[in-house]
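In what follows, a single structure is set out as structure tokens and then discussed.
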Amino acid sequence: MATTADTATRPGVTTGRRRMADRDGVLAWAFLVPSILYIVALIGVPFVLAIAFAFSDVSAGDPSFDWVGLRNFEAVLDDPVFWRSLRNTFLFTVVSMVLIVLLGKVLANILVADFRGKWVVRFLVLLPWTTPVALSSISWLWLLDSIYSPIDWVLRQFGALGPAENVYWLGRPDLAMGSLIAVHVWRLVPLAAVIMMAGLMSIPKDIDEAARVDGAGYWRRMFEITVPLVLPVAAIAALFGAIFTFTDMAVVRVLTRGGPNDATQVLASWAFYRGIDGGDVAQGAVIALFLFPLLLAAAVLILRAVRRIEVR
Amino acid sequence: MTGVEEVSRQRRRYARRHVSARIGLYVAAILAALICAAPFLWSLITAFKQNRDLYNPVNNPFLFNRPPTPDHVTYLFTDTAFGTFVVNTLLVGVLVVLITLAFGLPAAYALSRLDRPWSGPMAIGIFLVYLVPPSLLFLALSRMVVAVGLQDSTWSLVLVYPTITIPVSTWLLMGFLKTIPKDIEEQAMVDGYSRVGAFLRAVVPLAFPGIVAVVVFAFTLTASEFIYALAFVAPTGQMPVSTGVPTQLIRGDVFFWQSLQAATVLVAVPIAFVFNWFLDRFVAGFTMGAVKE
Numbered sequence: 006m007a008t009t010a011d012t013a014t015r016p017g018v019t020t021g022r023r024r025m026a027d028r029d030g031v032l033a034w035a036f037l038v039p040s041i042l043y044i045v046a047l048i049g050v051p052f053v054l055a056i057a058f059a060f061s062d063v064s065a066g067d068p069s070f071d072w073v074g075l076r077n078f079e080a081v082l083d084d085p086v087f088w089r090s091l092r093n094t095f096l097f098t099v100v101s102m103v104l105i106v107l108l109g110k111v112l113a114n115i116l117v118a119d120f121r122g123k124w125v126v127r128f129l130v131l132l133p134w135t136t137p138v139a140l141s142s143i144s145w146l147w148l149l150d151s152i153y154s155p156i157d158w159v160l161r162q163f164g165a166l167g168p169a170e171n172v173y174w175l176g177r178p179d180l181a182m183g184s185l186i187a188v189h190v191w192r193l194v195p196l197a198a199v200i201m202m203a204g205l206m207s208i209p210k211d212i213d214e215a216a217r218v219d220g221a222g223y224w225r226r227m228f229e230i231t232v233p234l235v236l237p238v239a240a241i242a243a244l245f246g247a248i249f250t251f252t253d254m255a256v257v258r259v260l261t262r263g264g265p266n267d268a269t270q271v272l273a274s275w276a277f278y279r280g281i282d283g284g285d286v287a288q289g290a291v292i293a294l295f296l297f298p299l300l301l302a303a304a305v306l307i308l309r310a311v312r313r314i315e316v317r
Numbered sequence: 209m210t211g212v213e214e215v216s217r218q219r220r221r222y223a224r225r226h227v228s229a230r231i232g233l234y235v236a237a238i239l240a241a242l243i244c245a246a247p248f249l250w251s252l253i254t255a256f257k258q259n260r261d262l263y264n265p266v267n268n269p270f271l272f273n274r275p276p277t278p279d280h281v282t283y284l285f286t287d288t289a290f291g292t293f294v295v296n297t298l299l300v301g302v303l304v305v306l307i308t309l310a311f312g313l314p315a316a317y318a319l320s321r322l323d324r325p326w327s328g329p330m331a332i333g334i335f336l337v338y339l340v341p342p343s344l345l346f347l348a349l350s351r352m353v354v355a356v357g358l359q360d361s362t363w364s365l366v367l368v369y370p371t372i373t374i375p376v377s378t379w380l381l382m383g384f385l386k387t388i389p390k391d392i393e394e395q396a397m398v399d400g401y402s403r404v405g406a407f408l409r410a411v412v413p414l415a416f417p418g419i420v421a422v423v424v425f426a427f428t429l430t431a432s433e434f435i436y437a438l439a440f441v442a443p444t445g446q447m448p449v450s451t452g453v454p455t456q457l458i459r460g461d462v463f464f465w466q467s468l469q470a471a472t473v474l475v476a477v478p479i480a481f482v483f484n485w486f487l488d489r490f491v492a493g494f495t496m497g498a499v500k501e
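Same order as they appear, the protein sequences are chains A and B.
So the first sequence is residues 6 to 317, counted in our numbering.
So the second sequence is residues 209 to 501, counted in our numbering.
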């Protein structure tokens, strides 16, 4: 290290402090500890608390903590709405993830191409993702309005609906679920496309060109170069998307509030409804806790994917 | 003669195929843009409609059947707390970004450049923290927010949002820092700086593009967060845009549709604009963070 030169040229600083600042081991910890403390205090502690709340009788009106064992779990498991939320959560996640990956790939292919007016197209395409979800959902709430929906108007013009008929997009259980999935997919496809673009661009150009010179066609290059090289990154992105979808409630909350008749309730929205709106913090905590097993599984899968990247 | 004909016919076929591919690309691009922007275009039309035009199911909803009016947009600014929501969002966003950089930048530097044996697992650990979702933590955090006396205050969001932005920003910054050559610090230290000095004066300026990208990304995450804002902050004057607009522009069953849609467009366009400006940097940052050199 250049400690002596330092003190010689910059005499204002004491030697002791200089040495501390030059020792990588000490410095590494000093740089890292604030973040670790922040994360432990505001993610680690509430995480443990969330588990503790599940075994307590904490509520908005009575915040004192009393141990009640598995009573909350029994109450939640006896509730048919919980099971419907669980089923809806899986349905919502699986269907939207399949659509997001497929449409994201299509959109990524469009966005990597070169054409005039690309900036405008990119701007419009990214709007659904960059807009705060609560606000874009408000737009959809109006677009899917029970009486004034322009979609209904178009259908009426084509004679698919009678003169005064309406579809009630958010009012019928199956249609409401479909609408929520459509909005969620619409919102996340741009993000999927951006991540896939990142993956496509990370492939070294010379590999692709070498294969092209060797006479490999589009599909061959796609399946023997592009897909294997992008797969680990894509796998991580997909897992993130799945977790995000599995635990999200914004679209549900703004568009249907879980209705009609809890037909579109998902775990996160049901936990919010019980825990904050209903004030039953303990039961809300139990419901939210059911998100955890999936989280753990996803974390393991991601660790594996990361290790594969590192091996390469 | 036949050879020449053959060549020119093939050339024509190539040209035709090229043209049809271009047309296909443009059609696909325009279609994608229209589908993605449709709700916003619909919002834009709605925002300037008169009530008598809007609430008539027989009218063509895509046209102004009566002259457009700016009244509802004016109403948004004069009679609602929209301005306050925007100020709150900006305040929270700026503070969260500052906190994020203050914590994330040193952490990213420690993990990517100080060569500790534990830096690999630690980096993955921080990455995994991003997976813990708000919907799992909001109940416990809302009790903690009450315990520190920040309930119903914008400050609760300033406190809590860095838990979302620090992990992801650290990850992105690591990607950017890895691309800066190691000699830079060594040279700076030979020139008389300490390691910290070299970090502040040589590395941070070089990482500036990455820092800007992280600032935009963290701000966008903060502006669109919904669950914490909904759970922690109930008074109108303290709400950010993402909860203020959907909860306060609806009174009971009355939706102020035109003002709601105006608010949506007014928030959506600037964020998307700034984000597009920096998109290429994100794409670079994602890739550098994920792929080891």
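Every residue, glycine too, gets a C-beta built ideally from N, C-alpha and C.
Residue-level contact by beta carbon holds for N268 (chain B) and chain A, with a gap shorter than 9 Å. Proximity of chain A to Y263 (chain B) at the Cβ level (cut-off 9 Å) is accounted for by I152, Y153, in chain order. Taking the beta carbon of T472 (chain B) as reference, the chain A residues within 8 Å of it are T136, L140, S141, I143, S144, listed in sequence order. P265 (chain A) is outside the set of residues whose beta carbon lies under 9 Å from a beta carbon in chain B.
Taking 9 Å as the cut-off, the Cβ atoms of F290 (chain B) and L438 (chain B) do not count as close. Straight-line measurement puts the Cα of S320 (chain B) at about 44 Å from the Cα of S184 (chain A).
The beta carbons of L262 (chain B) and W485 (chain B) sit about 34 Å from each other, so the pair does not count as a contact at 8 Å. Contact annotation: in the region 431 to 460 of chain B, residues whose CB is within less than 7 Å of a CB in chain A are A431, S432, F434, I435, A439, V449, S450, T451, V453, P454. Beta-bridge partners assigned by DSSP to W72 (chain A): A:S61.
For L272 (chain A) against S142 (chain A), the beta-carbon gap comes to about 19 Å, at or over 8 Å, which does not count as contact.
DSSP places F285 (chain B) within a helical segment (H, G or I) once states are collapsed to three. Contact between the region 295 to 314 of chain B and the region 350 to 366 of chain B is present: 3 or more CB-CB pairs across the two stretches fall below 8 Å. Listed as beta-bridge partners of F463 (chain B) by DSSP are B:I458.
Within chain A, the residues whose beta carbon sits less than 8 Å from that of R324 (chain B) are D29, G30, A33, listed in sequence order.
Annotated three-state conformation of D119 (chain A) is coil, per DSSP. A direct Cα-Cα distance of roughly 31 Å separates V412 (chain B) from A476 (chain B).
Under the 9 Å criterion on CB atoms, N484 (chain B) is classed as interfacial with respect to chain A. For the C-beta of Y317 (chain B), the chain A residues within less than 8 Å are, from N- to C-terminus, F36. G204 (chain A) counts as buried, since no fewer than 16 other beta carbons sit within 10 angstroms of its beta carbon. Within chain A, the residues whose beta carbon sits less than 9 Å from that of Q469 (chain B) are I143, S144, W147, listed in sequence order. Taking 8 Å as the upper bound for CB-CB distance, T373 (chain B) and L429 (chain B) are in contact here, some 6 Å apart. Among the residues facing chain A, F248 (chain B) is included, as its CB has a counterpart in that chain under 9 Å away.
Put simply, the backbone Cα of D29 (chain A) is about 16 Å away from that of D391 (chain B). Of the residues assessed, V126 (chain A) falls on the buried side of the cut-off, its CB having 16 or more other CB atoms within 10 angstroms.
At a cut-off of 9 Å between beta-carbon atoms, G211 (chain B) makes no contact with chain A.
No residue range can be given for A165 (chain A), since it is assigned to no alpha helix (DSSP H) and is classified by DSSP as neither H nor E. Comparing alpha carbon positions, the residue from B:L487, B:F407, B:I419, B:W326 closest to F384 (chain B) is B:I419. Taking the CA atoms as reference points, L148 (chain A) sits about 16 Å from T136 (chain A). Taking all protein chains shown into account, I212 (chain A) has fewer than 16 neighbouring C-beta atoms within 10 Å of its C-beta and is therefore exposed. Contact check for S274 (chain A) and V257 (chain A): beta-carbon distance about 5 Å, within the 8 Å limit, so the pair qualifies. In this structure the region 231 to 250 of chain A touches the region 192 to 211 of chain A; the number of beta carbon pairs closer than 8 Å is three or more.
At a cut-off of 9 Å, the C-beta of S40 (chain A) has a neighbouring C-beta in chain B. Taking C-beta separations shorter than 7 Å and ignoring five residues to either side along the sequence, the partners of L252 (chain B) in its chain run V473, following chain order. One thing to note: A240 (chain B) has its Cβ no nearer than 9 Å to the Cβ of S467 (chain B).
For S251 (chain B), a Cβ of chain A is located within less than 9 Å of the residue's own Cβ. Under the three-state reduction of DSSP output, Y173 (chain A) falls in the coil class, being neither helix nor strand.
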